[in-house]
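Sequence lines, in order, name chains A and B.
Going by the UniProt record's numbering, the first sequence opens with residue 1, and the numbers climb by one from there.
Going by the UniProt record's numbering, the second sequence opens with residue 1, and the numbers climb by one from there.
Structure first, commentary second.
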Amino acid sequence: MDWGTLQAVLGGVNKHSTSIGKIWLTVLFIFRIMILVVAAERVWGDEQDDFVCNTLQPGCRNVCYDHFFPISHIRLWALQLIFVSTPALLVAMHVAYTRHEKKRRFRNGEKIDIEELKNEKIHIRGPLWWTYTSSIFFRIVFEAVFMYVFYYMYDGYQMPRLVKCEAWPCPNTVDCFVSRPTEKTTFTIFMLAVSGICMMLNLAELCYLVIKICMKESRKTT
Amino acid sequence: MGDWSFLGDFLEKVHKHSTVVGKVWLTVLFIFRMLVLGTAAESSWGDEQSDFMCDTQQPGCENVCYDKAFPISHVRFWVLQIIFVSTPSLVYMGHAMHTVRMEEKRKMKEAEMEAQEMKNSGDTYYKQKCSAAEKAELSRWDESEGKIILRGSLLNTYVYSILIRTAMEVAFIVGQYVLYGIFLETLYICQRAPCPHPVNCYVSRPTEKNVFIVFMLAVAVLSLFLSLAELYHLGWKKAKERCSRSYKASPSTAPGRLESAPQAERAQMYTPPPDFNQCLSSPNGKFISPFSNKMASQQNTANFATERVHGQEDAAGEGPFIKSSYAESPEVASECAAPAFPENYFNEKRRFSKASRASSKARSDDLSV
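What follows is the structure, encoded as structure tokens:
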């Protein structure tokens, strides 16, 4: 899976983020994407090959695996990371649009601060503030949704060692054994913890932005 | 092979702003840990479960025995170790970048303020210069070299990051010992449901794995020693600095000095550029009293600058060893004096530096702007 493209896109967003946003991005890349690519994909690599059922019935193993793992953890995490990164693209688009507008107005002869146009940093205020804040809000929502989906789909965050399967064509209740359950549990809890940290960072950033704008407004009125 | 480029990119930046020992540590991390893990160890552990054989036909027995024998694979353990051990450096890097950004903002504000001051009266001019010069000393960004100078809170962050790194290293080494001991045995005897009785299980490639385990353990211990050496070096330098500073602080107080003692301390933390070493002869510039007229205040600035530089000169051998380099550019020379001068001041300054008791003869590259 090629995460380099995502890194290239989000790297651009990094310039226009707050400090907390930059920390969030670093945590995302190092503790989530990198762990996913370097470690977790290996752990889940043989999850179906080494899913062993105590039966000779052909097809039983396939059906049982499909019943207990409708969507693999790895794919869910990849989806989670993509959904969580997407709101940042909204911010990038807004910034690009703002810059494009400024250039157009400059070309039309209006007086624009050239230095600010050349200087790539754009401050988070006005409509950009709303875009940025709503992107953080959606990030939080997506994180929470995925954490719940994990919990709902796998009945908690622990990978069982033994699952009992009664799906057809298994002739009776069959014992099936999951591959590397302890290691999978370790990584599930690790990714959960990092999701929690990312959510905290997003909440902190949201509070920071809201407080900053409130202070600005109160300074204007006084 | 895993993709370490995400972490690698961040650590490249850290590499630029580290001490010498820090750079060695990072090189060890890159080459002996990341590269070895990515290329060799991964392929050695590649078939660890598929070739983990148990002497049983019982379905599921192999799975559970493998899970019991290896709760977390060595390779994943080392991946986590590398990430956790690198994280403190990233925190330091974040702080450094934040400091640099604050510096740039402050300099921009100062430039604006000075531009404003020039329009206003010159009475507050000297005060402005004082505070500007004061702040310049606190600067942690060496413009000419583009490197960070470690002092104050940044140095503390650096030290804490090394401490945490050391603690993580120890924790992971101990953790590895607790989980697996040092060597892997060829035979693992497993008793766990649904295995009907104690079953012999055979680990795949135990000797090759042992070689890598010992290698990674040795590199971890080496990294630990490097971190401890860096701590020792930093601690020793800091203690030496403090001793020399406390020695300097007593003779440097003069009556009517405009600058306070902490200023002198900060001055001595500054590592001077070599061209200023020859500037001075007497130990202390004599500030007689706060001046009200402009020419006298300029004299004062010259004295202050020379006194500060002399303080630096004494601390030259013991200044923060992390200082990137002595930049012999004119910009650095002008840093020793106040950053911006009105035009006539420059000429008068040359005259005064010849006449003043504190400064030595004006040199051609002195105060060049």
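For glycine and all other residues, C-beta sits at the position ideal for the given N, C-alpha and C.
Computed from a prediction, not measured in an experiment: that's the story for all the values here.
For chain B, find out if any of its Cβ atoms is closer than 7 Å to the Cβ of residue 85 (chain A); answer yes or no.
Here residue 85 (chain A) corresponds to residue number 85 of the first sequence, with the count starting at 1. So no, residue 85 (chain A) is outside the interface.
If you measure from the beta carbon of residue 248 (chain A) to each beta carbon in chain B, is any gap under 7 Å?
It is not possible to answer for residue 248 (chain A), since the shown part of chain A is limited to 1 through 222.
Just to confirm, is the Cβ distance from residue 204 (chain A) to residue 20 (chain A) under 7 Å?
Residue 204 (chain A) sits at position 204 when you count from the first residue of the first sequence. Residue 20 (chain A) sits at position 20 when you count from the first residue of the first sequence. Yes. Within cutoff.
Using a threshold of 7 Å, state whether the C-beta atoms of residue 38 (chain A) and residue 14 (chain B) are closer than that.
The count along the first sequence starts at 1 and reaches residue 38 (chain A) at position 38. The count along the second sequence starts at 1 and reaches residue 14 (chain B) at position 14. The answer is no: Cβ separation not under 7 Å.
Would you say residue 6 (chain B) and residue 29 (chain A) are within 7 Å of each other, going by their C-beta atoms?
Here residue 6 (chain B) corresponds to residue number 6 of the second sequence, with the count starting at 1. Here residue 29 (chain A) corresponds to residue number 29 of the first sequence, with the count starting at 1. The answer is yes: Cβ separation under 7 Å.
Using a Cβ-Cβ cutoff of less than 6 Å, which residues in the same chain neighbour residue 95 (chain A) once the five nearest sequence positions on both sides are dropped?
Sequence index remark: in the first sequence, residue 95 (chain A) carries index 95 (1-based). Hits under 6 Å: 16, 122.
Please name the residue in A:5, A:63, A:25 whose C-alpha comes closest to that of residue 173 (chain A).
The residue given as residue 173 (chain A) occupies position 173 in the first sequence. If we check each option's Cα against that of residue 173 (chain A), A:63 comes out closest.
I want to see whether chain B comes within less than 7 Å of residue 186 (chain A), judged by CB atoms only; does it?
One-based indexing of the first sequence puts residue 186 (chain A) at position 186. With 7 Å as the cut-off, residue 186 (chain A) counts as an interface residue toward chain B.
If you follow the beta strand (DSSP E) that residue 174 (chain A) is in, where does it begin and where does it stop?
Counted from its first residue, the first sequence places residue 174 (chain A) at position 174. Segment 174 to 177, the beta strand (DSSP E) holding residue 174 (chain A).
How far does the alpha helix (DSSP H) with residue 207 (chain A) in it reach, from first residue to last?
For this step, residue 207 (chain A) is matched to residue 207 along the first sequence. Segment 181 to 221, the alpha helix (DSSP H) holding residue 207 (chain A).
Counting only beta-carbon atoms, is residue 167 (chain A) nearer than 7 Å to chain B?
Taking the first sequence and counting its residues from 1, one reaches residue 167 (chain A) at position 167. No, its Cβ sits nowhere closer than 7 Å to a Cβ of chain B.
So residue 175 (chain A) contacts chain B; which residues on that side make the cut at Cβ distance below 9 Å?
Residue 175 (chain A) sits at position 175 when you count from the first residue of the first sequence. The answer, in chain order, is 59, 60, 194.
How should residue 120 (chain B) be labelled, buried or exposed, when 16 other C-beta atoms within 10 angstroms of its C-beta is the threshold for buried?
Reading the second sequence from its first residue, position 120 is the one you call residue 120 (chain B). With fewer than 16 other Cβ atoms within 10 Å, it is exposed.
Using alpha carbons as the reference points, say which of A:214, A:72, A:8 lies closest to residue 129 (chain A).
Here the question's residue 129 (chain A) lines up with position 129 in the first sequence. Looking at the Cα atoms, A:214 is the closest of the given residues.
Beta-carbon separation of residue 87 (chain A) and residue 146 (chain A) under 7 Å?
Within the first sequence, residue 87 (chain A) is the residue found at index 87, counting from 1. Within the first sequence, residue 146 (chain A) is the residue found at index 146, counting from 1. Contact: no.
Roughly how many angstroms separate the alpha carbons of residue 204 (chain B) and residue 47 (chain B), rounded to a whole number?
Here residue 204 (chain B) refers to the residue found at position 204 when the second sequence is read from its first residue. Here residue 47 (chain B) refers to the residue found at position 47 when the second sequence is read from its first residue. Computed Cα separation, rounded: 7 Å.
The beta strand (DSSP E) with residue 163 (chain A) in it runs from where to where?
The residue you call residue 163 (chain A) lines up with position 163 of the first sequence. From DSSP, the beta strand (DSSP E) with residue 163 (chain A) extends over 162 to 165.
Is it the case that the Cβ atoms of residue 78 (chain A) and residue 12 (chain A) are separated by a distance below 7 Å?
Numbered from its first residue, the first sequence carries residue 78 (chain A) at position 78. Numbered from its first residue, the first sequence carries residue 12 (chain A) at position 12. Cβ distance not < 7 Å, so residue 78 (chain A) and residue 12 (chain A) don't count as in contact.
Let's test the definition: count the other Cβ atoms within 10 Å of the Cβ of residue 4 (chain A) and tell me whether it reaches 16, buried, or not, exposed.
Against the first sequence, residue 4 (chain A) aligns to sequence position 4. Residue 4 (chain A) is exposed by the Cβ-count criterion.
With DSSP run on the structure shown, which of helix, strand or coil describes residue 338 (chain B)?
Along the second sequence, one-based indexing puts residue 338 (chain B) at 338. Here the model assigns residue 338 (chain B) a pLDDT of 44, short of 50, so the residue's position is not dependable and the matter cannot be decided.
In terms of residue numbering, what span does the alpha helix (DSSP H) encompassing residue 61 (chain B) cover?
Here residue 61 (chain B) refers to the residue found at position 61 when the second sequence is read from its first residue. Run containing residue 61 (chain B): 61 to 69, per the alpha helix (DSSP H) assignment.
The alpha helix (DSSP H) with residue 180 (chain B) in it runs from where to where?
To locate residue 180 (chain B), count along the second sequence from 1; it is residue 180. Residues 152 to 180.
Considering Cα atoms alone, identify which of A:200, A:217, A:42 is closest to residue 23 (chain A).
Taking the first residue of the first sequence as position 1, residue 23 (chain A) is located at position 23. When only C-alpha atoms are compared, the closest one is A:200.
Run down chain A in chain order and give the residues with a C-beta less than 7 Å from the C-beta of residue 32 (chain B).
Counting from 1 along the second sequence, the entry for residue 32 (chain B) is found at position 32. Near residue 32 (chain B) there are no residues of chain A at all, since even the closest Cβ is about 17 Å away, more than 7 Å.
Please state whether DSSP places residue 243 (chain B) in a helix, a strand or coil.
To locate residue 243 (chain B), count along the second sequence from 1; it is residue 243. Residue state, collapsed to three classes: helix.
Roughly how many whole angstroms lie between the Cα atoms of residue 111 (chain B) and residue 102 (chain B)?
As a working note, residue 111 (chain B) is residue 111 in the second sequence. As a working note, residue 102 (chain B) is residue 102 in the second sequence. In a straight line, the C-alpha of residue 111 (chain B) is about 14 Å away from that of residue 102 (chain B).
Whose Cβ in chain A lies nearer than 7 Å to the Cβ of residue 73 (chain B)?
Walking along the second sequence from the start, residue 73 (chain B) turns up at place 73. The contacting residues are 183.
Are there any heavy atoms of the ligand GTP lying less than 6 Å away from the beta-carbon of residue 180 (chain A), as far as the coordinates show?
In the structure on display, the ligand GTP does not appear, and there are no ligands present to speak of.
Keeping to the same chain, check which residues put their C-beta closer than 8 Å to that of residue 182 (chain B); ignore five residues upstream and five downstream.
The sequence position of residue 182 (chain B) within the second sequence is 182, counting from 1. Contacts found: 213, 214, 217.
If I follow the unbroken beta strand (DSSP E) through residue 199 (chain B), where does it start and stop?
In the second sequence, counting from the first residue as 1, residue 199 (chain B) sits at position 199. From DSSP, the beta strand (DSSP E) with residue 199 (chain B) extends over 199 to 202.
Over the uninterrupted beta strand (DSSP E) stretch that includes residue 190 (chain B), give me the two end residues.
Position 190 of the second sequence, counting from 1, holds the residue named residue 190 (chain B). Note, residue 190 (chain B): beta strand (DSSP E), 187 to 190.
My assumption, with CB atoms under 8 Å, is that residue 71 (chain B) sits in contact with residue 182 (chain A). Please give the rounded CB distance.
Along the second sequence, one-based indexing puts residue 71 (chain B) at 71. Along the first sequence, one-based indexing puts residue 182 (chain A) at 182. The Cβ separation is near 4 Å, so the contact holds.
Name the residue from B:241, B:235, B:230 whose alpha carbon lies nearest to the alpha carbon of residue 375 (chain B).
Shown here, chain B extends from 1 to 369; a query on residue 375 (chain B) therefore has no answer.
Quick check: is the beta carbon of residue 6 (chain B) nearer than 7 Å to any beta carbon in chain A?
In the second sequence, residue 6 (chain B) corresponds to position 6, counting from 1. Output row for residue 6 (chain B): interface = yes.
Please report the distance separating the alpha-carbon of residue 131 (chain A) from that of residue 211 (chain A).
Taking the first sequence and counting its residues from 1, one reaches residue 131 (chain A) at position 131. Taking the first sequence and counting its residues from 1, one reaches residue 211 (chain A) at position 211. About 16 Å.
Just to confirm, are residue 140 (chain A) and residue 54 (chain A) a CB contact at a threshold of 7 Å?
As a working mapping, residue 140 (chain A) is identified with position 140 in the first sequence. As a working mapping, residue 54 (chain A) is identified with position 54 in the first sequence. Not in contact: residue 140 (chain A) and residue 54 (chain A) (Cβ atoms no closer than 7 Å).
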